[in-house]
Amino acid sequence: MYRTGPRYPSNAKKASPSTQCQNCLEYGHWTYECKKPKSYKARPTRTQQLSKPIKLQEPEVPAEFLDKRGLANKLLSKKRDEKNGKGKKRRR
Ligand SMILES: [Zn+2]
Numbered sequence: 001m002y003r004t005g006p007r008y009p010s011n012a013k014k015a016s017p018s019t020q021c022q023n024c025l026e027y028g029h030w031t032y033e034c035k036k037p038k039s040y041k042a043r044p045t046r047t048q049q050l051s052k053p054i055k056l057q058e059p060e061v062p063a064e065f066l067d068k069r070g071l072a073n074k075l076l077s078k079k080r081d082e083k084n085g086k087g088k089k090r091r092r
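In full-length UniProt numbering, the protein residues as written are 1 to 92.
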C-alpha cells in the first residue's frame with residue numbers, strides 16, 4: 001500500500017524543549033524561528049583537526065574497556081564450551 005504524507009512524525013516539525021537553535025544555541029525553537037542575532041561559536045576547522053599529529057587524535061583506551069573486552073571473550077569461550085558439551089546430541 002502507498003502511504004502519502006510526510007515521512008517523519010508530525011511532532012518532528014514542532015520545536016520541543018530539546019530542540020537546539022543553531023543560531024543562538026538556545027533550546028526551544030528552530031533556527032528559522034530565531035529572532036536573536038547570530039552568535040558564532042568558534043570550533044576547530046577540519047583542516048586544523050587534520051593538521052594535528054595523528055597520535056593526538058588516537059583515543060586512549062581506558063583499562064575498563066580492556067577488561068570488558070576480556071570479559072566478552074571469556075563469555076564467548078564459556079558459551080563455546082557449553083555448546084561443545086551439549087553438542088553430542090545430533091539434530092538429524
Ligand atoms: Zn535561536
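Just so you know, even glycine gets a beta-carbon here, dropped at the ideal spot from N, CA and C.
#1: Sorted by chain position, which residues of the same chain lie with C-beta nearer than 8 angstroms to Q22's C-beta, five sequence neighbours on each side aside?
#2: Leaving aside the five residues before and after K35 along the sequence, list all residues of the same chain whose C-beta is less than 8 angstroms from its C-beta, in chain order.
#3: Given T19, which residues of its chain have a CB within under 8 angstroms of its CB, disregarding the five upstream and five downstream residues?
#4: Given 7 angstroms as the limit, tell me if K60 has its C-beta closer than that to any heavy atom belonging to ligand 1.
#5: Among L71, K52, E33, which one has its Cα closest to the Cα of K13?
#6: Would the C-beta of N73 count as close to ligand 1, meaning under 7 angstroms from any of its heavy atoms?
#7: Between which two residues does the alpha helix (DSSP H) holding T47 run?
#8: Name all residues in chain order for which at least one heavy atom of ligand 1 lies closer than 7 angstroms to the residue's CB.
If we stick to the structure as given:
#1: T31
#2: none
#3: Y27, G28, H29, W30
#4: For clarity, residue 60 is Glu in the given sequence; the question names Lys instead. No, the beta carbon of E60 sits no closer than 7 angstroms to any heavy atom of ligand 1.
#5: E33
#6: no
#7: 46 to 51
#8: Those residues having their beta-carbon less than 7 angstroms away from any non-hydrogen atom of ligand 1 are, in chain order, C21, N23, C24, E26, H29, T31, C34, K36.
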